[in-house]
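Enquirer:
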Amino acid sequence: MVQPSARRPLRFRGRDAATRHGRRAAEALQRVSASRGAEGATSALPARARHLRQRRRVRPVSIRRLHQAVGDGAAHGGARPGTAACTRPGQAARRRQEAHAIAKKAGKLWGGRFKRPLLPELERFSSSLAIDYELYPYDIAGSLAHARGLAAAGLLSTRQLAAIGRGLRQIKGELDSDKFEFKLEDEDIHTAIERRLTEITSAGAALHAGRSRNDQVALDLRLFCRDAAVEATVGLANLVNALADQAEAHADWLMPGYTHMQRAQPVTVGHHLLAHAEPLRRDATRFRHAYDAADEMPLGSGALAASTLPLKRDVVARELGFDRLTSNSIDAVSDRDFALDLAYACTVAAIHLSRLGEDVVLWATSEFGFVKLADEIATGSSLMPQKKNPDVAELLRGRTARALGSFVGLTTVLKGLPLAYDRDLQEDKQALFATVDNCFDCLEAAALMVEHLEFDRERLHASVADPALVATDSAEELVRKGTPFRSAHEQVGRQVRDGTFVAPWDAKASVAKRDLPGGPHPRRVAARARAIRRETADLLLWSEGHPPPLPR
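Going by this note's numbering, 45 is the number at position 47 of the sequence shown; the sequence numbering is gapless.
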């Protein structure tokens, strides 16, 4: 096992530590501190509380300018392909000539092999900059760690290492503040950062030794997936904690349980809410598995066949907090299983959220009336002034389509690819980033929705008044007296059919008799809610122990 070094977190765009999520983390830990003894969870809370990142929803201005130049024809003096202006005689040829003149001034990392530049239309087609821009914090962290590895191998001098470190931190500042100027030759964020580094310092030309974009991209994506898995775990902990709070507050509030959407047996609101918390707990396990799957350091694999240079892979792994090294250089640059694991976890979580959303939609109808929609989580109608709509819950259902679509898209990109690296893998990020963004949004929305649910006790009490809800209890009482269950089932069924069934007790007594582990007895529900809160505190502490990496 590679031991991680002390790291300080990379500062991401978005809200700082004093966020709602940070406060929830602290509150969750404080609530369970008493049950964890003298070494309570609150004492272990690090200064920097984790939070769901709010990533930019629009491309940076500088990237929009670049795409206008490359994609819309400004750089090559013509209209975008497919427009009417493109059909004028001679214009396409002139556009290409002008683009070639521009491209001659802007070299590629691989330009030594070529005499003529890529066609501008294909420059636009093949560019991934607007998508993989998201990876820039990880690319800079990986490059800093790679530089340290090169220095440890004697391939960089102390002076070169210091210059590269200063340059990369300057680049991060430019990207953070959107002052970074992209150029036409920047195919992706990786080449953009390297190009800018060589402009800042001549030492930048030595950074790419022993590294290919193939293993560089694999590293960046693994760093992203690790961090996304941690952030999703925080979001799940917040949601599960909200469900546990509501469940304990309503541990003895009766409601009917349903099968086939027909009233079946009495349970409690708390028991039903915890039935949504349990699969979300399993989702947290899936995200931790996704973290572990991504926790292999691929740098040093090169394009596919490693390197003849004496690279110190273990140094890079320690700097970035990786648990282990990849074992096969071909697999390292072509593997995206870890991305699939993350996307799968997002998809299953979305399915679980859709079921929660569906229950809230039903409960909010006038036919059920189990919940009242607080103003903070409801919308109205542009036409009907009386309406109060459960849009948040409906969107939790609807956004499952995004998760499923992204997962299918990612799996389809990977299907049938020959080893090792193929440019098809450029297409993995759009689907992956989309499903991660969707997951973060849905987890936050679901937690807010659950926190603001208001239950109608009178409607709930009225819904369990039907004596037939305890028909199973009557059959089991006959079994207790020695009647075979099938005979008891038939006997009670005839009574219900004939309208002669008399309930032996009411719904409250029925629930009180179900005092088994995992049952709906209020005492069991309250105890399970407290146990789940302790588990969510552990999840938050785990997330605190896995901050985004930034080499010292």
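For glycine and all other residues, C-beta sits at the position ideal for the given N, C-alpha and C.
1) Enumerate in chain order the residues of its own chain whose CB-to-CB distance from R334 is below 7 Å, with the five nearest sequence positions on each side excluded.
2) Might you give, ordered along the chain, the residues of its own chain that have their beta carbon closer than 6 Å to the beta carbon of P390, omitting 5 neighbours on each side?
3) In this structure, does DSSP put T266 in helix, strand or coil?
4) Can you check which of these residues, G152, V462, L117, E475, is closest to E183 by C-alpha distance?
5) Thinking C-alpha only, which one of C437, G480, F336, V238 is nearest A216?
6) With distances taken from CA atoms, which of S141, L237, Q168, E179 is nearest D554?
7) Less than 8 Å between C-beta atoms, sequence neighbours within five positions excluded: which residues of the same chain meet that for V494?
8) Within the region 249 to 308, note down every full alpha helix (DSSP H) run reaching 4 residues or more, in order along the chain.
9) With DSSP run on the structure shown, which of helix, strand or coil describes K370?
10) Buried or exposed for T156, going by 16 or more other Cβ atoms inside 10 Å?
11) According to the neighbour-count rule (16 or more other Cβ atoms, all chains shown, within 10 Å of its Cβ), is A524 buried or exposed?
12) Please tell me whether L272 and R526 are closer than 8 Å, where the distance is taken between their beta carbons.
13) Which residues does DSSP list as the beta-bridge partners of E452?
14) Just to confirm my understanding: we take I349, look at its own chain, exclude 5 residues before and 5 after, and list those with CB closer than 7 Å. What are they?
15) Using the beta-carbon count (16 or more within 10 Å), is I530 buried or exposed?
16) Beta-carbon separation of Y419 and S305 under 8 Å?
17) In the DSSP output, which residue or residues are listed as bridge partners for L323?
18) Excluding the 5 residues flanking G298 on each side, which residues of the same chain have their C-beta closer than 6 Å to its C-beta?
19) Do S141 and E185 come within 8 Å of each other at the CB atom, strictly closer than that value?
20) Is there contact here, the region 258 to 274 with the region 350 to 365, by at least three beta-carbon pairs under 8 Å?
21) Looking at V406: is its Cβ nearer than 8 Å to the Cβ of M253?
22) Which of the three DSSP states is assigned to T377 in this structure?
23) Quick one: is V232 buried, meaning 16 or more other Cβ sit within 10 Å of its Cβ, or exposed?
24) Please name the residue, chosen from R521, R484, E365, K370, that lies closest to R455 on a Cα-to-Cα basis.
25) Give the straight-line distance between the Cα atoms of H144 and D513, rounded to the nearest whole angstrom.
26) If we ignore side chains and look at the alpha-carbon of each, how far apart do Q263 and A341 end up?
27) Three or more C-beta pairs under 8 Å: does that hold for the region 499 to 515 against the region 470 to 483?
28) Can you confirm whether K427, when its beta carbon is compared against all beta carbons of chain B, has any partner nearer than 8 Å?
29) Rounded to the nearest angstrom, how far is the Cβ of I187 from that of L127, given a contact under 8 Å?
30) Per DSSP, N236 is paired with what?
31) Let me check understanding here. Comparing Cα to Cα, which of R421, L234, D321 lies closest to L537?
32) By the 10 Å Cβ neighbour count, where 16 or more other Cβ atoms means buried, how is M551 classified, buried or exposed?
33) Bridge partners of N387, per DSSP?
34) Going by the CB atoms, is the gap between A291 and D250 shorter than 8 Å?
35) Taking the beta carbon of R515 as the centre, do at least 16 other beta carbons fall within 10 Å, making it buried, or is it exposed?
Expert: Concretely, from the data shown:
1) L412, L423, D426
2) Contrary to the premise, residue 390 reads as Val rather than Pro in this sequence. Excluding positions up to five away in sequence, the list reads I375, A443, M447.
3) Residue state, collapsed to three classes: strand.
4) For E183, the closest alpha carbon among the candidates G152, V462, L117, E475 is that of L117.
5) Shortest Cα-Cα distance from A216 to any of C437, G480, F336, V238 involves F336.
6) Because the chain spans -1 through 550 in this model, residue 554 falls outside it and cannot be assessed.
7) Cβ neighbours of V494 beyond the five flanking positions: A466, A469.
8) 267 to 292
9) strand
10) Residue environment analysis places T156 among the exposed positions, since fewer than 16 neighbouring C-beta atoms fall within 10 angstroms of its C-beta.
11) So A524 ends up on the buried side.
12) Yes, these two residues count as a Cβ contact at 8 Å.
13) E452 pairs with K370.
14) T398
15) When all chains shown are included, I530 counts as buried.
16) Contact annotation: Y419 and S305 have beta-carbon atoms that are not nearer than 8 Å.
17) M295
18) L309, R311
19) S141 is positioned such that its CB atom lies no closer than 8 Å to that of E185.
20) yes
21) no
22) strand
23) buried
24) K370
25) 59 Å
26) 37 Å
27) These segments touch.
28) Chain labels in this structure do not include chain B; a single protein chain is all it has.
29) Correct: roughly 6 Å between the Cβ atoms.
30) DSSP lists no partner for N236.
31) L234
32) Given that the chain is displayed from residue -1 to residue 550, the structure contains no residue 551 and the question cannot be resolved.
33) T377
34) Cβ atoms of D250 and A291: not closer than 8 Å.
35) The sequence shown places Pro at residue 515, rather than the Arg named in the question. Exposed, since its Cβ has fewer than 16 Cβ neighbours within 10 Å.
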